[in-house]
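Keeping their order, the protein sequence lines are chains A and B.
Count the first sequence with my numbering and you get residues 1 to 66, in order.
Count the second sequence with my numbering and you get residues 1 to 256, in order.
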Amino acid sequence: MILTINGQRREFADGATLADLIAATLPTDRGVAVAVDGEVAPRGTWASVALRDGQAIELLTAVQGG
Amino acid sequence: MSDELVVAGEKLGSRLILGTGGAPSMQVIDEVLAASGTALCTVSMRRIDPSTTGSVLDVLAHHGVRLLPNTAGCRTAREAVLTAQLAREAVETDWVKLEVIADDDTLLPDAVELLDAAERLVADGFKVFPYTNDDPVLARRLQRVGCVAVMPLGAPIGSGLGILNPHNIELIVAEAEVPVVLDAGVGTASDAALAMELGCDAVLLASAVTRAQEPALMAVAMASAVAAGRLAHRAGRIPKREHARASSPTTGMAVL
Numbered sequence: 001m002i003l004t005i006n007g008q009r010r011e012f013a014d015g016a017t018l019a020d021l022i023a024a025t026l027p028t029d030r031g032v033a034v035a036v037d038g039e040v041a042p043r044g045t046w047a048s049v050a051l052r053d054g055q056a057i058e059l060l061t062a063v064q065g066g
Numbered sequence: 001m002s003d004e005l006v007v008a009g010e011k012l013g014s015r016l017i018l019g020t021g022g023a024p025s026m027q028v029i030d031e032v033l034a035a036s037g038t039a040l041c042t043v044s045m046r047r048i049d050p051s052t053t054g055s056v057l058d059v060l061a062h063h064g065v066r067l068l069p070n071t072a073g074c075r076t077a078r079e080a081v082l083t084a085q086l087a088r089e090a091v092e093t094d095w096v097k098l099e100v101i102a103d104d105d106t107l108l109p110d111a112v113e114l115l116d117a118a119e120r121l122v123a124d125g126f127k128v129f130p131y132t133n134d135d136p137v138l139a140r141r142l143q144r145v146g147c148v149a150v151m152p153l154g155a156p157i158g159s160g161l162g163i164l165n166p167h168n169i170e171l172i173v174a175e176a177e178v179p180v181v182l183d184a185g186v187g188t189a190s191d192a193a194l195a196m197e198l199g200c201d202a203v204l205l206a207s208a209v210t211r212a213q214e215p216a217l218m219a220v221a222m223a224s225a226v227a228a229g230r231l232a233h234r235a236g237r238i239p240k241r242e243h244a245r246a247s248s249p250t251t252g253m254a255v256l
């Protein structure tokens, strides 16, 4: 399946969960927040969120600002 | 004499709140935090950049500074609410500096979207610190929906123009039942002192320090100005007069 992660299209194995995607994409999940198709995906749900072709995932963290 | 700022039921050890944006490096942030003695700092939510080394969160944690995530860059209530919820996930705080701006030229708050977002976030359990226009009526409405502070601008973000409408800031302070934080527009120490003399409870600034030629030195200047302005406010200034009034005795003058 094709997912859009932080604006970039990437291929992932069918059946991957959000937890799989985060483990494969980021060196750490500390301080990370995730939105799937414009909705917050709470940390506790990552392992149970099965991703579907065409979804848009935003991986965010706090940076300097304000 | 204890004169701590209490906001959302929490005591803060400093009335200077710092934004971390605009600093050229993590080392500068580290120096500024040490120099300013601030207890609360804003951060922004952005896409993770895997090439970045070092996290601002580590630097802030090292100084024991509380986090105030912002919704900078959001244009609609929907975006701002979602960004606040993501910040709550990422940094595990229900405090949020709510910014909903109208356009890139002025970065002025969009009052309609701001109030809508504030109401939704309060309902969702957030402690909302709204960045607002210097409009006493909007400040009143934001308090009415349950914001824990109001943060009127002195001048547009990053402009360094100071406090363009001190009268409105005084009006906001006069009827506020929550802390008033002068947010944005501060250019130099006298602006921060003026904010406190007008009765603000705290000052939030970023660029004035992070983009100063000597950020750590300016951080000390700002901390001193905020403290001095607060003391002057509490002490009660003399009324302004049209004519001079002698401070030396006017009786007992020698006839020469």
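We treat Cβ as the ideally placed atom computed from N, Cα and C, and that holds for glycine.
* To do: Please name the residues in the segment 28-50 of chain B whose beta-carbon is closer than 9 Å to at least one beta-carbon of chain A, in chain order.
  => Ile-29, Cys-41, Thr-42, Val-43, Ser-44, Met-45, Arg-46, Arg-47, Ile-48, Asp-49, Pro-50
* Asked: Name the chain B residues that come within less than 9 Å of Ala-33(A), Cβ to Cβ?
  -> Met-45, Gln-85, Leu-86, Ala-87, Arg-88, Glu-89, Ala-90, Val-91
* Could you tell me which uninterrupted alpha helix (DSSP H) segments, each at least 4 residues in length, are contained entirely in the segment 181-244 of chain B, listed from first to last along the chain? => 189-197, 207-210, 215-235
* Taking only the alpha-carbon atoms, compute the straight-line gap between Ala-56(A) and Ile-2(A) and give it to the nearest angstrom. => The alpha-carbon atoms of Ala-56(A) and Ile-2(A) are separated by roughly 9 Å.
* Per DSSP, cross-strand counterpart(s) of Glu-11(A) -> Ile-2(A)
* What residues from chain A crowd round Val-56(B), counting only those whose CB sits closer than 8 Å? -> Ala-62, Val-63, Gln-64
* Inter-residue spacing [alpha-carbon to alpha-carbon] between Ser-44(B) and Arg-237(B) -> 38 Å
* C-alpha distance - Lys-127(B) paired with Arg-88(B), whole-angstrom precision -> So the alpha carbons of these two residues sit roughly 11 Å apart.
* Residues of chain B with CB under 7 Å from Glu-15(A), in chain order? -> Going by the sequence as given, residue 15(A) is Gly instead of Glu. For Gly-15(A), no chain B residue has a Cβ inside 7 Å of its Cβ, as the nearest lies near 24 Å away.
* Cβ of Ala-193(B) within 8 Å of Cβ of Ala-228(B)? -> The answer is yes: Cβ separation under 8 Å.
* With distances taken Cα to Cα, identify the nearest neighbour of Val-137(B) among Ala-111(B), Thr-71(B), Gly-160(B). => Ala-111(B)
* Asked: In chain B, what lies closer than 8 Å to Arg-43(A) by C-beta?
  -> Glu-89
* Asked: Tell me which same chain residues have a C-beta within less than 7 Å of the C-beta of Leu-107(B), skipping the five on either side of it?
  -> Ile-101, Pro-156, Ile-157
* **Meets three-Cβ-pair contact criterion under 8 Å: the segment 7-17 of chain A and the segment 60-72 of chain B** => no
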